[in-house]
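Colleague:
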Amino acid sequence: MNNILETKGLYHDFDGLQVLFDVNLQIREGECHAVIGPNGAGKTTLFNVITGTYKPSKGQVFFKGREITGMQPCDLCRLGIGRSFQITTTFSRLTTFQNLRMGILSKKGVRFNFFKRVDKMEEITRETDDLLRRINLMGERNFPVSALSYGKHRALEISLAMSTDPDLVLLDEFAAGMSRDETHNAVELIKKMTEGKTVVLIEHDMDVVFSLADRITVLHRGQILAVGTPQEIRQNQEVKDAYLGDLEVNAAC
Amino acid sequence: MINKIKRWLPWAALIIALAAVPKVFGIYYMNFFITFAVFAVFSVSLNLLLGYTGLLSFGHAMYFGAGGYGTALALKYIWHLPLLPALSIGVLSAILLAMIVCPLVVRVGGTAFAMMHMAFAQLLYVIALKSRFITGGEDGLANFPIPPFSIPGVVSFTMEGAPSNFYFFAIIVLGASLWLMWFLTKTPFGQIQVGIRDNAKRIDYMGFKVTHAKAVVYIVSAAFAGVAGSVYAMFQNVVSPDGYLGLLVSFTPIINTMLGGIASFFGPVWGTAIYALIEEVIFRFTDRVELVVGIIFVLVIMYAPLGFSGLMLKLKFKWLMFKNKKMRQAV
Ligand SMILES: Nc1ncnc2c1ncn2[C@@H]1O[C@H](COP(=O)(O)OP(=O)(O)O)[C@@H](O)[C@H]1O
Ligand SMILES: [Mg+2]
Chain A
21 MNNILETKGL
31 YHDFDGLQVL
41 FDVNLQIREG
51 ECHAVIGPNG
61 AGKTTLFNVI
71 TGTYKPSKGQ
81 VFFKGREITG
91 MQPCDLCRLG
101 IGRSFQITTT
111 FSRLTTFQNL
121 RMGILSKKGV
131 RFNFFKRVDK
141 MEEITRETDD
151 LLRRINLMGE
161 RNFPVSALSY
171 GKHRALEISL
181 AMSTDPDLVL
191 LDEFAAGMSR
201 DETHNAVELI
211 KKMTEGKTVV
221 LIEHDMDVVF
231 SLADRITVLH
241 RGQILAVGTP
251 QEIRQNQEVK
261 DAYLGDLEVN
271 AAC
Chain B
59 MINKIKRWLP
69 WAALIIALAA
79 VPKVFGIYYM
89 NFFITFAVFA
99 VFSVSLNLLL
109 GYTGLLSFGH
119 AMYFGAGGYG
129 TALALKYIWH
139 LPLLPALSIG
149 VLSAILLAMI
159 VCPLVVRVGG
169 TAFAMMHMAF
179 AQLLYVIALK
189 SRFITGGEDG
199 LANFPIPPFS
209 IPGVVSFTME
219 GAPSNFYFFA
229 IIVLGASLWL
239 MWFLTKTPFG
249 QIQVGIRDNA
259 KRIDYMGFKV
269 THAKAVVYIV
279 SAAFAGVAGS
289 VYAMFQNVVS
299 PDGYLGLLVS
309 FTPIINTMLG
319 GIASFFGPVW
329 GTAIYALIEE
339 VIFRFTDRVE
349 LVVGIIFVLV
359 IMYAPLGFSG
369 LMLKLKFKWL
379 MFKNKKMRQA
389 V
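Each protein sequence line maps, in turn, to chains A and B.
For the first sequence, the tail end lands on 273 under this note's numbering, and the numbers increase by one without skipping.
For the second sequence, the tail end lands on 389 under this note's numbering, and the numbers increase by one without skipping.
1) Compare the C-alpha of L238/B against each of R137/A, G159/A, M226/A, V220/A and name the closest.
2) Please check if any C-beta of chain B sits within less than 8 Å of the C-beta of P93/A.
3) If contact means a Cβ-Cβ distance below 9 Å, which residues of the segment 241-259 of chain B contact chain A?
4) Give the DSSP bridge partners of K28/A, in chain order.
5) CB-CB under 7 Å to Y31/A, same chain, minus the five flanking residues each way: which ones, in chain order?
6) Bridge partners for C52/A per DSSP, in chain order?
7) For V56/B, which residues of its own chain have a beta-carbon under 7 Å away from its beta-carbon, when the five flanking residues on both sides are left out?
8) Flag R154/A as yes if its beta-carbon sits less than 8 Å from any beta-carbon of chain B, otherwise no.
9) Tell me where the alpha helix (DSSP H) around A75/B begins and ends.
10) Taking just the CA atoms, how far does M91/A sit from F375/B?
11) Would K75/A pass as an interface residue toward chain B - the criterion being a Cβ-Cβ separation below 8 Å?
12) In the DSSP output, which residue or residues are listed as bridge partners for N201/B?
13) Is V39/A near ligand 1, with its Cβ less than 7 Å from a heavy atom?
14) Measuring only the C-alpha atoms, how far is F191/B from G198/B?
15) DSSP three-state call for E147/A: helix, strand or coil?
16) Report the neighbours of K267/B on chain A: residues whose CB is nearer than 7 Å to its CB, in chain order.
17) Measuring only between beta-carbons, confirm whether K63/A sits less than 8 Å from chain B.
18) By the 10 Å Cβ neighbour count, where 16 or more other Cβ atoms means buried, how is L181/B classified, buried or exposed?
19) Please report the residue range of the beta strand (DSSP E) in which V289/B lies.
20) Taking Cβ to Cβ, would you say D187/A is nearer than 8 Å to T64/A?
21) Helix, strand or coil, according to DSSP, for V269/A in the structure here?
22) Using a 10 Å radius around the Cβ and a threshold of 16 neighbouring Cβ atoms, would you call A271/A buried or exposed?
23) Give me the chain A residues within the contact set of M370/B, using Cβ-Cβ distance strictly less than 9 Å, ordered along the chain.
24) Under 8 Å between C-beta atoms, does L125/A make it to chain B?
25) I need the DSSP call for P164/A, collapsed to helix, strand or coil.
26) Ligand 2 and I56/A: does the residue's C-beta get closer than 7 Å to at least one heavy atom of that ligand?
27) Following a CB-centred definition, is K259/B positioned closer than 7 Å to any heavy atom of ligand 2?
28) Looking only at its own chain, which residues have a Cβ that is under 8 Å from the Cβ of G36/A, when we skip the five neighbours before and after it?
29) Give the interface partners of V274/B over in chain A, defined as CB-CB distance under 9 Å, in chain order.
30) Under the three-state reduction of DSSP, which class applies to V189/A: helix, strand or coil?
31) Applying the 10 Å Cβ sphere with the 16-neighbour rule, what's the burial state of W328/B?
32) Please identify the residue among A177/B, S189/B, L141/B whose C-alpha is closest to the C-alpha of I209/B.
33) Which stretch, first to last residue, makes up the alpha helix (DSSP H) that contains F207/B?
34) Give a yes or no on whether the minimum CB-CB distance between Y110/B and chain A is below 8 Å.
35) Less than 8 Å between the C-beta atoms of I124/A and I144/A, yes or no?
36) Can you give, in chain order, each stretch of the alpha helix (DSSP H) that sits fully within the segment 319-380 of chain B and has at least 4 residues?
See below:
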């Protein structure tokens, strides 16, 4: 199988504080890959150096066989990488519709257009409405985003990452702070929206991880501790000692 | 059809009213109105940065001044320069200046952006003050010729000694500027602008180049400030460092915008009108206009941070709630 995303010898430090050590991540095309690990393990930082928030201090990142180390987020988005954030990052003063329309505009390559009113672009409006229906937010179409419930706001966060129709989506703790029902809905949403896409997700909820992931990478103190199928990870003694033991994942799962 | 007429009716009324001003109100109010329109355009151009992109400039006068000085210098030193090229030279000076500084300023935001502009504007102020041989120093430039508006072989309207001709020219140029800026905010690019104000990080992650977008808005904003400055220079027939590049000139559009409301496109226009009216009224009672305006400004920031249009929106909302409640009671 092809690796759609690969990191080679990735290091990152914040002014001397080493956060990532020699991370060699391999994500196969079409899989759903979970990155797990305790708080502060460096998961978000790993996403940040992959998606261009920071340049890694050492090492390389490859996407579809092409080196993308240190490229800007906007360029990576155009190449086909989408991302959601641990801390909700939406356009709070715009409506749900306007939020998602940004993604549709980007997908269609409508960026520096000064000559047409955006409200009169029927194709853009239609596609945005289609997306709203698919993610069950049609009822909140014209709400300012700040008026959405927490669960719906997070669903919008996930959908924004998907709205540009990327080939690779990175989701950072999409279920953080959600109730059980909201989490369940979000998992269904992700299953529906990511068909045919490659997904990398950071998640703490082991039920979610085991229900979505094809493979798992365990990150511990900035290093990869183990990689494998959910089966393999569950049985890995090192992982149990370092991480899963803490969470008291019972043997039944 | 009826809907269409209804939509266009207010605009038609406005145009008729504007056309009637010289006949009905005479020269004093005509001049008052040109000044108002100049500062309305200047303020809206500032709000493209402040309200739509989240960038506050303490030196927007540099573009107003570039427009004013550009046009005045061109008219003074270029023999028989026609009207529209004179206007264009003013606007192009502002655009050129913006293109020079934009690579630097679009990388910063917040306080750095604000203060950097104050420094640039002060620098230009000093240059205008010190290069006496070209700019006339403290006194500035005055009595440069204002050419007629002419399309060779078709029409020619003289501008000197015909205030209503100049009035129409100014109102058309400034009106068109307002419309162009309004239109810009409605395009996909305008959406990106609003997105940057709300969440620049997400805009970046959605595939839009934030610095490029900021640079374009910045240059557009400078261009329209230049239009305002250029028209004002021709209107007053004088440019001076204090009137075009001074600190007060930079703060006027900020005050207008805050009074009228940063969250709405027409807010700064309302603000300009309100400021002008307040000045008119206060002037009859005291010379300390700034003091009173200052107090009003503080009150607005404390109690109506979204200015006049924010207040109107709130009232409209309250009215709707009230009507709703009454209707429910009736049922
Ligand atoms: N911008 C930053 N500056 C300094 N230290 C940071 C920054 N971001 C994260 N860190 C540190 O890096 C480590 C890893 O953080 P993070 O990647 O957010 O972990 P995780 O997402 O796995 O919980 C933590 O010790 C955190 O304090
Ligand atoms: Mg994290």
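Glycine included, every Cβ here is placed at the ideal spot set by N, Cα and C.
Here the structure is a predicted model, which is why all the values come from computation and not from measurement.
Modeller: In this structure, then:
1) Answer by Cα proximity: R137/A.
2) Yes, P93/A counts as interfacial toward chain B.
3) Answer in chain order: F241, L242, K244, T245, P246, F247, G248, Q249, I250, V252, G253, R255, D256, N257, K259.
4) Paired residues: Q80/A.
5) The answer, listed in chain order, is L40, F41, D42, P76, S77, K78, G79.
6) Answer by DSSP bridge pairing, in chain order: V219/A.
7) One cannot answer for residue 56/B here, as it falls past the ends of chain B, which runs 59 to 389.
8) Taking Cβ atoms only, chain B never reaches closer than 8 Å to R154/A, which makes this a no.
9) Unbroken alpha helix (DSSP H) run through A75/B: 60-111.
10) M91/A has its alpha-carbon roughly 46 Å from the corresponding atom of F375/B.
11) For K75/A, no Cβ of chain B is located within less than 8 Å of the residue's own Cβ.
12) Note: N201/B sits in no beta bridge, so no partner.
13) For V39/A, the CB falls within less than 7 Å of some heavy atom of ligand 1.
14) Going by the C-alpha atoms only, they are around 10 Å apart.
15) Three-state DSSP puts E147/A in a helix.
16) Here the neighbours are C94.
17) For K63/A, no CB of chain B lies under 8 Å from its own CB, so it is not counted at the interface with that chain.
18) Exposed: under 16 other Cβ atoms inside 10 Å.
19) In the DSSP annotation of this structure, V289/B is not part of any beta strand (DSSP E); the continuous alpha helix (DSSP H) holding it starts and ends at 268-294.
20) D187/A is not a Cβ neighbour of T64/A, given a cutoff of 8 Å.
21) Confidence is the limiting factor: at V269/A the pLDDT is only 47, short of 50, which leaves the residue's position unreliable, though a coordinate-based value still follows. In this structure, V269/A counts as coil in the three-state DSSP scheme.
22) Confidence at A271/A is low in this model, with a pLDDT of 39, below 50, so its placement is unreliable and the value that follows should be read with caution. It counts as exposed.
23) Per Cβ cutoff of 9 Å: no residues; M370/B is ~18 Å from chain A at best.
24) Judged by the 8 Å Cβ criterion, L125/A is in contact with chain B.
25) If DSSP states are grouped into helix, strand and coil, P164/A belongs with the strands.
26) Incorrect: I56/A has no Cβ contact closer than 7 Å to ligand 2.
27) The answer is no for K259/B.
28) The beta carbon of G36/A is closer than 8 Å to none in its chain, skipping five residues each way along the sequence.
29) The contacting residues are F132, F134.
30) Correct three-state label for V189/A: strand.
31) Using a 10 angstroms sphere on the CB of W328/B, the tally of other CB atoms reaches 16 or more, which defines it as buried.
32) Nearest option by C-alpha distance: L141/B.
33) It is not in any alpha helix (DSSP H) - F207/B instead sits in the beta strand (DSSP E) that spans 207-209.
34) It does not: the Cβ of Y110/B has no partner Cβ on chain A nearer than 8 Å.
35) Yes, Cβ-Cβ distance for I124/A and I144/A is below 8 Å.
36) Within the segment 319-380 of chain B, the runs of alpha helix (DSSP H) at least 4 residues long that lie entirely inside it are, in chain order, 325-341, 347-361.
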